[in-house]
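Protein chains in written order, with numbering that gives the first Met the number 0: chain A, 0 to 79; chain B, 0 to 450.
Cβ coordinates follow ideal geometry from the N, Cα and C atoms, glycine included.
Contents: one structure, followed by commentary.
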Amino acid sequence: MRFKKNIATSDTGFIFNPGSGDSFSSNSIGSEILAFFKEDKSRNEIIELICAKYDVEKNQLEKDLDDFFSQLRDHNLLDE
Amino acid sequence: MEKLRYERPIIKKLNVGFVNKFGTQAKNEVVTNLEGVGVKELIKEFGSPLFVISEKQIRRNYQHASRVFKTRYPKVQFAWSYKTNYLNAVCKVFHQEGSWAEVVSGFEYEKALANGVPGSKIIFNGPDKTDDQLVTAARNNSLIHIDHFDELYSLIKLSEEFQLKPKVAIRVNMDTGIYPRWDRFGFNYENGQAWTAISRIMSCEHLNLVGLHCHIGTFMMESSAYAIAATKLCQLSWDISEKFGRHIQYLDLGGGFPSTNTLKGSYLPGTDTVPGIDQFADAITDVILGFGFRQEELPLLILETGRALIDDAGYLLGTVLANKRLSDGRSSTVMDFGVNSLFTSFWYDHKVTPAQEGGQYTEETVLYGPLCMNIDVIRENVVLPLLKKGDHLVVHKVGAYNMTQWMQFITLRPNIVLLDQSSHPHLIRKAETLEYLESVEIVPHHLSKNS
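This is the structure we're talking about:
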């Protein structure tokens, strides 16, 4: 599972898919995760980095991360 | 290093299209406290979910409505509609303010008496009054509003048998231009049924016709319908005076004034569309004052307003149980209260606000209750900040009908507290327990042994 290579992202949370013409916005944590994702960081690495920075339990983050990936999949932003 | 506040990651598709001409909300409204009392603290002390009623708001609503009518008409009396909310504490606030009681069942009648309302200040409405209840009401000098001919003839028979002379009114149904027409209660004006009932009462020496009553509908958005209703009641009163020489003491225009809740399917919120109580007052009092009654014969105007006086005094506090992503990608949140407690969510898009500060980011969410039942939906679509398990929400304007129409179904009904005028919370109805529920159950002997 990888973020599609041609997807453009900005630091402010704007996301553009040139393949479909669709635009998206994400909140700041979402943008950070996308940036990590683009850097090919693993799921565990992302969890570690976010948990170190934000006040969140690992279990909660794991659940939310699964939900975030499912949103990316629904929006056709992933290469399976 | 202190960690930053967490918010779950989300992504939203940006849709290009027509911009909503009303714009979008600039900021999410957060309600962390009710009249100075923290939502978190209330939930900590009384549990979740929790109904909260503001005594201050009830009194404010009553005094406002009373002032609006009394500055327009010299003889006005409100009668608290028990079915709207018959918690004793709530009823007593209204009675302290000067309300009579308007009841529609035997048990409500007994509640009103127990709340200290004199029998002569209880209006007994509704289609279901037993012979015993009619006799009791007659002996207590209550105002019996007759709903149908069977009741009329029962009352005639009972009055003769027990040598009573009850004070009665008839409920009149009529065409006020409103759909649906509420013609199942009372006697019809247009087809002459009401006049037939009046004539029968006037021919009976045991019945004392003192009033005329109507209740044209519920959540009425059109004040002109009340003008039509008032005209028709005035006409009947006038005709009674002409034909029988009897002065009708009061006209009861019933209830039906809306609250500022938003009905499902409305384009604009209730706060923007619902007529103010002054518009209803103008419609009714202009007709009665202009009808031609002599000043000393102006009838007492009775109002059975319920919803408009209590809805915005009630709140439901609840807690997020879970967030779920639906199969079509929509976000949903499961709350610890459902349609069993919040019955009015079947017809209102209730205003829902978070009870804690959150981020600026919001998402459209389906708000579900905790019931194992597909129809347990509080809001089909509401924009809320990103909630997490354990967060609290406040549902607004829930004071009318929920605490009487709620169901004990799957979960137990929660505590209700009243915030007094100094914002001090009082428990006024305890949360139900299994023991309470089972106190009315009886297991036959042959099933009593556990296998």
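Is it true that the CB of residue j sits closer than 8 Å to the CB of residue i?
i: residue 88 (chain B); j: residue 100 (chain B); result: no
i: residue 302 (chain B); j: residue 68 (chain B); result: yes
i: residue 334 (chain B); j: residue 384 (chain B); result: no
i: residue 50 (chain A); j: residue 60 (chain A); result: yes
i: residue 58 (chain B); j: residue 36 (chain B); result: no
i: residue 157 (chain B); j: residue 163 (chain B); result: yes
i: residue 247 (chain B); j: residue 211 (chain B); result: yes
i: residue 197 (chain B); j: residue 170 (chain B); result: no
i: residue 249 (chain B); j: residue 325 (chain B); result: no
i: residue 366 (chain B); j: residue 332 (chain B); result: yes
i: residue 0 (chain A); j: residue 48 (chain A); result: no
i: residue 168 (chain B); j: residue 235 (chain B); result: no
i: residue 80 (chain B); j: residue 269 (chain B); result: no
i: residue 134 (chain B); j: residue 121 (chain B); result: no
i: residue 340 (chain B); j: residue 405 (chain B); result: yes
i: residue 375 (chain B); j: residue 337 (chain B); result: yes
Determine the DSSP secondary structure at residue i, reduced to helix, strand or coil.
i: residue 24 (chain A); result: strand
i: residue 313 (chain B); result: strand
i: residue 56 (chain B); result: helix
i: residue 188 (chain B); result: coil
i: residue 224 (chain B); result: helix
i: residue 42 (chain A); result: helix
i: residue 464 (chain B); result: Because chain B is modelled from 0 through 450, residue 464 (chain B) falls outside the range shown and cannot be assessed.
i: residue 402 (chain B); result: helix
i: residue 354 (chain B); result: coil
i: residue 12 (chain B); result: strand
i: residue 99 (chain B); result: strand
i: residue 411 (chain B); result: coil
i: residue 423 (chain B); result: coil
i: residue 291 (chain B); result: coil
i: residue 430 (chain B); result: coil
i: residue 365 (chain B); result: strand
i: residue 118 (chain B); result: helix
i: residue 30 (chain B); result: coil
i: residue 69 (chain A); result: helix
i: residue 395 (chain B); result: strand
i: residue 210 (chain B); result: strand
In chain B, which residues lie with their C-beta within 7 Å of the C-beta of residue i?
i: residue 39 (chain A); result: Under the 7 Å cutoff, chain B gives no residues; its nearest Cβ is about 18 Å from residue 39 (chain A).
i: residue 22 (chain A); result: 13
i: residue 57 (chain A); result: Residues of chain B passing the Cβ test: none, with the nearest at roughly 12 Å.
i: residue 69 (chain A); result: 324
i: residue 73 (chain A); result: 328
i: residue 18 (chain A); result: By Cβ distance, chain B contributes nothing, its closest Cβ being about 14 Å from residue 18 (chain A), past 7 Å.
i: residue 32 (chain A); result: 8
i: residue 45 (chain A); result: Result: empty, since nearest Cβ-Cβ is about 10 Å, beyond 7 Å.
By the 10 Å Cβ neighbour count, where 16 or more other Cβ atoms means buried, how is residue i classified, buried or exposed?
i: residue 345 (chain B); result: exposed
i: residue 380 (chain B); result: exposed
i: residue 73 (chain B); result: exposed
i: residue 327 (chain B); result: exposed
i: residue 75 (chain A); result: exposed
i: residue 466 (chain B); result: No statement about residue 466 (chain B) is possible, as the shown extent of chain B runs from 0 to 450 and does not include it.
i: residue 14 (chain B); result: exposed
i: residue 441 (chain B); result: exposed
i: residue 276 (chain B); result: buried
i: residue 436 (chain B); result: exposed
i: residue 25 (chain A); result: buried
i: residue 83 (chain A); result: Nothing can be reported for residue 83 (chain A), as the shown portion of chain A is limited to 0 through 79.
i: residue 414 (chain B); result: buried
i: residue 390 (chain B); result: buried
i: residue 349 (chain B); result: buried
i: residue 214 (chain B); result: buried
The ligand ZN and residue i: does any heavy atom of the ligand fall closer than 7 Å to the residue's C-beta?
i: residue 396 (chain B); result: With respect to the ligand ZN, the structure shown offers nothing to examine, as it has no ligands at all.
Run down chain B in chain order and give the residues with a C-beta less than 9 Å from the C-beta of residue i.
i: residue 66 (chain A); result: 7, 8, 9, 322, 323, 324, 330
i: residue 3 (chain A); result: None at all; the shortest Cβ gap to chain B is about 13 Å.
I want to verify the contact list: residues of chain A whose CB lies under 9 Å from the CB of residue i, in sequence order.
i: residue 231 (chain B); result: Correct list: empty, because the minimum Cβ distance to chain A is about 58 Å.
What residues of chain A sit near residue i, judged by a beta carbon separation below 7 Å?
i: residue 360 (chain B); result: 26
Which chain C residues sit within Cβ distance under 7 Å of residue i?
i: residue 2 (chain B); result: Among the protein chains of the structure shown, namely A and B, there is no chain C.
So residue i contacts chain B; which residues on that side make the cut at Cβ distance below 8 Å?
i: residue 6 (chain A); result: Result: empty, since nearest Cβ-Cβ is about 11 Å, beyond 8 Å.
i: residue 63 (chain A); result: 7, 8
Does the stretch 348–364 of chain B touch the stretch 407–420 of chain B, meaning 3 or more C-beta pairs lie closer than 8 Å? By the Cβ criterion, the stretch 407–420 of chain B is not in contact with the stretch 348–364 of chain B, since fewer than three pairs of Cβ atoms, one from each stretch, lie closer than 8 Å.
contact_flag[the stretch 262–269 of chain B, the stretch 307–322 of chain B] where n(CB pairs < 8 Å) is 3 or more: Cβ pair count under 8 Å is below three, so no.
Is the stretch 404–416 of chain B touching the stretch 47–57 of chain B, taking contact as three or more C-beta pairs under 8 Å? Yes: at least three Cβ pairs fall under 8 Å.
Is it a yes or a no for the stretch 390–407 of chain B touching the stretch 23–40 of chain A, going by three-plus beta-carbon pairs under 8 Å? Under the Cβ criterion (8 Å, minimum of three pairs), the stretch 390–407 of chain B does not count as touching the stretch 23–40 of chain A.
So does the stretch 355–366 of chain B actually touch the stretch 279–293 of chain B, counting three or more Cβ pairs closer than 8 Å? In this structure the stretch 355–366 of chain B does not touch the stretch 279–293 of chain B; the number of beta carbon pairs closer than 8 Å is below three.
Given 8 Å, three or more beta-carbon pairs between the stretch 219–235 of chain B and the stretch 169–188 of chain B: Yes, the stretch 219–235 of chain B touches the stretch 169–188 of chain B.
Flag this pair as touching only if the stretch 249–264 of chain B and the stretch 190–208 of chain B have three or more C-beta atom pairs under 8 Å; answer yes or no. As far as the Cβ criterion goes, the stretch 249–264 of chain B does not touch the stretch 190–208 of chain B, which means the pair count is below three.
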